[in-house]
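Asks: Numbering (this note's numbering), first residue to last: 6 to 806. Yeah, the Cβ is synthetic: ideal placement off N, Cα and C, and Gly gets one too.
So this is what it looks like as structure tokens:
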């Protein structure tokens, strides 16, 4: 173990009491002599002054921010995908700006080289012709897309957004471990890491001379907007969908930058141009920042089995009517074997070496390189030549061992001899270490750094920081979050004060007001069903609470009223014998799922509220108390949490297209559920107490008492719940809501014909208003239920197809 050259009686020395370095492994906190690197001193002194309880409170501040903002990671197991808390390491990684300048210089050179390689592979192919790249290797890669050969990007560049995974080797030199050119992820997470970490160190951060990241996002948004030919066209982020591992980040970036978030099925290619299907018809898209692999982008010309892409997208790219960022086909640059040839390509293109070398790589399809790997196989990592996976996300040697067993070969040497053209050898990487809080102690853990770059009109702009991956175990290079690793914010520290401009808590300067109706049809459908599912969950919870309140009060399940209520609940698919009925669970999970599908359109507080509702439900399911008293109490909790969500939307949601579809969904569901329930509770053979039950279900008991001041009668219940236009729980009121929002949509979305929908709603409302109280019977209510269902179908056909 290396010695730490810090005065043993200092506060910092006590803080680093358990910070034991491995011999020969570089460290970001301490230099090779064991002395504290200057960039860290201020932060360490601040931390050393805190008590353990104070540090715990500081860490909780950051965790609470991430939890409340809904930041999560999706962890995949054999049979399911779970959402886990974002694994923030509470100690940032600090790099001095002088060290950072050399990183920026080296990665800028590498970005330009990769741009040249991409342009050549899909253009003149001189690198293959002149022997700098093996043609057979390129041709075998599934990432080299033949339909894109000869296609020049409309933007003029193949690469516009890049990420590089780098690590510091034993001699202190930074090395590139992976190039991420396909659809780099993580920039949004880096921003959230920064916000959370700055809250942890809120007393220290403002004066710490840490370079801000806001300009990076402003630069890229400007770049994307400037790629458009027409200011009336859209810029969109193309996502694989809500089941993507990084969907949170995609929706976060879309919301932060004010861009559309679309899936492949939201798009259509007509006459060689790309359009987004919106509630106001097709609208043009000229720039797509894609976050799905290129192979799945177009089932017509690429992978025909893809359900994520858009037929015709390659054709539109070929015509130059859309700029795709990064260009389709640039995933070839991530190929593991390409690293073997980049040093020579760099000398060919620049006349000098790579300023930041990549880890030494040998492609075993060449005799001399294969002999070298065979001679050193015990000290190398052996990996598939065409792999594009992250180096540390899997133990490549173990993977090859599994491959050995599957092929029946006895030794790695035999595999290399027979399959060399499909393999590479890479030097074993030892990452530098950086401080991490583990069990209340500051200890060293392996670290790699992800750096992000965007192309601007003035050249490459580099995010000052990025994020770091931190290993879970001592002296282990396994940094994957799926394997227990964490992530840390990265501070680029200056010796002098830095600009404090930040867009984190303010809006990035935007275009003029967005085009009306710029709501993808699929998003409109999800928002509509979000409203319906939340309303449905409330209705089921009210029924279940009413049933169990009466059981808790001593009423027998066989009593006429409970028998009636139980029968109705079963009729609509709710099991009254379950404390948490499956139908209730399904409605709440459906609400959370639809909210997740429009994450870019739900505020952080709204998302926190719907997540809280779902989490409370799951907690109740795990610790369910079968007693009716507890069940009734739990239903009350769910109703209050549901009301918190709808209340947040009521107060905060902008009163435009999204709001109207959400409100339409709520009113449609309330009309249908209320008509169905009233048909049962007001039936001539309904037992005593059914009228009170109807008022309770409609949450109108107090309103009834104040207005009528006498015992409920059939006439008074119908008057209040069905015919009173001032009661927000009445049928007439919600027909008025439907009419109001459909009229607003017809005025703002002139490209859709909603006259039939509006006419039907107006007719139903007028009929109800002119119906005498005594004419509203169960048959009339059930017919109304069917009519409202037909209106829902008409809305879907008008706007969501």
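What is the DSSP secondary structure of residue 359, reduced to helix, strand or coil?
Replies: coil
Asks: Within a Cβ cutoff of 6 Å, which residues of the same chain sit near residue 468, ignoring the five residues on either side of it in sequence?
Replies: Hits under 6 Å: 218, 221, 457.
Asks: Please classify residue 178: does DSSP put it in a helix, a strand, or coil?
Replies: coil
Asks: Pick out whichever of 189, 264, 341 has its Cα sitting closest to the Cα of residue 147.
Replies: 341
Asks: Just the C-alpha distance for residue 586 and residue 580, rounded to the nearest angstrom, thanks.
Replies: 6 Å
Asks: Mind checking residue 479: buried by the 16 CB within 10 Å criterion, or exposed?
Replies: exposed
Asks: Going along the chain, which unbroken runs of the alpha helix (DSSP H) with 4 or more residues stay wholly within the stretch 664-704?
Replies: 695-702
Asks: Do residue 266 and residue 242 have their C-beta atoms within less than 7 Å of each other?
Replies: A contact, by the Cβ cut-off of 7 Å.
Asks: Closest to residue 662 by C-alpha separation, out of 284, 164, 253, would be which residue?
Replies: 284
Asks: Go ahead and pull the three-state DSSP assignment for residue 17.
Replies: helix
Asks: Just to confirm my understanding: we take residue 232, look at its own chain, exclude 5 residues before and 5 after, and list those with CB closer than 6 Å. What are they?
Replies: 160, 292, 328
Asks: Between which two residues does the alpha helix (DSSP H) holding residue 375 run?
Replies: Counted as a single uninterrupted DSSP element, the alpha helix (DSSP H) harbouring residue 375 occupies residues 372-380.
Asks: Could you pull the start and end residues of the beta strand (DSSP E) that residue 639 belongs to?
Replies: Segment 633-657 is the alpha helix (DSSP H) holding residue 639; no beta strand (DSSP E) there.
Asks: Count the other CB atoms within 10 Å of the CB of residue 236; is the residue buried (16 or more) or exposed (fewer)?
Replies: Residue 236 should be labelled exposed.
Asks: Please look up how many angstroms separate the CB atoms of residue 668 and residue 746, rounded, as I've assumed it's under 8 Å.
Replies: 5 Å
Asks: Measuring straight from C-alpha to C-alpha, what distance separates residue 743 and residue 286?
Replies: Rounded to the nearest angstrom, the gap between the Cα atoms of residue 743 and residue 286 is 21 Å.
Asks: Could you tell me the alpha carbon to alpha carbon distance between residue 255 and residue 554, rounded to whole angstroms?
Replies: 44 Å
Asks: In its own chain, which residues sit with a C-beta less than 6 Å from the C-beta of residue 455, not counting the 5 before and 5 after it?
Replies: 168, 170, 191, 471, 472
Asks: Thinking C-alpha only, which one of 294, 337, 379, 731 is nearest residue 392?
Replies: 337
Asks: Quick one, which of 776, 394, 111 has its alpha-carbon nearest residue 351's?
Replies: 111
Asks: Quick check: the Cα distance between residue 365 and residue 432, rounded to an integer number of angstroms?
Replies: When only Cα atoms are considered, residue 365 and residue 432 end up about 6 Å apart.
Asks: Could you tell me the alpha carbon to alpha carbon distance between residue 613 and residue 78, rounded to whole angstroms?
Replies: If I take the Cα positions, the gap works out to 16 Å.
Asks: Please classify residue 575 as buried or exposed, where buried requires at least 16 neighbouring CB atoms within 10 angstroms.
Replies: exposed
Asks: Under a Cβ-count criterion, where at least 16 other Cβ atoms within 10 Å of its own Cβ denotes burial, should residue 228 be classed as buried or exposed?
Replies: buried
Asks: Using the rule of at least 16 other Cβ atoms within 10 Å of the residue's Cβ for burial, across every protein chain shown, is residue 210 buried or exposed?
Replies: buried
Asks: If I measure Cβ to Cβ from residue 658 and keep anything under 6 Å in the same chain, skipping five residues before and after, which residues do I get?
Replies: 664
Asks: For residue 447, which residues does DSSP report across the bridge?
Replies: 442
Asks: Considering Cα atoms alone, identify which of 153, 208, 497, 251 is closest to residue 103.
Replies: 497
Asks: Output the distance between the C-alpha atoms of residue 641 and residue 548, rounded to the nearest integer angstrom.
Replies: 11 Å
Asks: For residue 385, which beta-bridge partners are listed by DSSP?
Replies: DSSP lists 432 as the bridge partner or partners of residue 385.
Asks: Nearest-angstrom Cα distance between residue 116 and residue 332?
Replies: 14 Å
Asks: Please go through the stretch 748-804 and give each complete beta strand (DSSP E) segment of 3 or more residues, from N-terminal end onward.
Replies: none
Asks: Thinking just about the alpha-carbon of each residue, which of 770, 759, 713 is nearest to the one in residue 738?
Replies: 770
Asks: Restricting to Cα atoms, I'd like to know which of 568, 560, 543 is closest to residue 590.
Replies: 543
Asks: Tell me, please, which residues DSSP counts as bridged to residue 288.
Replies: In DSSP, residue 288 forms a bridge with 281.
Asks: Exposed or buried, residue 707, counting other C-beta atoms within 10 Å across all chains shown (16 or more means buried)?
Replies: exposed
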